[in-house]
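Following: one structure in structure tokens, then a few remarks.
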Amino acid sequence: MRCIRSPSIHLMSIFVSLAEVVGDYHVPTWASAVAGTFVLLTLAFSIFLVFEHLSAYKNPE
């Protein structure tokens, strides 16, 4: 007789296998530094553009 596993058990085994693989991975320090730099640049540029938009809205040409 063949044992049939339920889909939830199969999904759980896939999740456990994936968690084992991902759990051993660590992001390189240089990648985090580059990503953080781009995030800060993007935030600064976005804030600048928001204030430019607000000043143009307040004082239209």
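For the sequence shown, full-length UniProt numbering assigns the number 61 to the last residue and increments by one with no breaks. Note that beta-carbon positions come from the ideal geometry of N, C-alpha and C, so glycine has one too. What you are looking at is a predicted structure, and each value in this text was computed from that prediction instead of being measured.
Leaving aside the five residues before and after residue i along the sequence, list all residues of the same chain whose C-beta is less than 6 Å from its C-beta, in chain order.
i, result
"His53", "none"
Closer than 8 Å, CB to CB, is residue i near chain C or not?
i, result
"Leu18", "Looking for chain C here will not work: only one protein chain is present."
Going by beta carbon distance, what residues of the same chain come within less than 7 Å of residue i, once the five residues before and after it are set aside?
i, result
"Thr29", "none"
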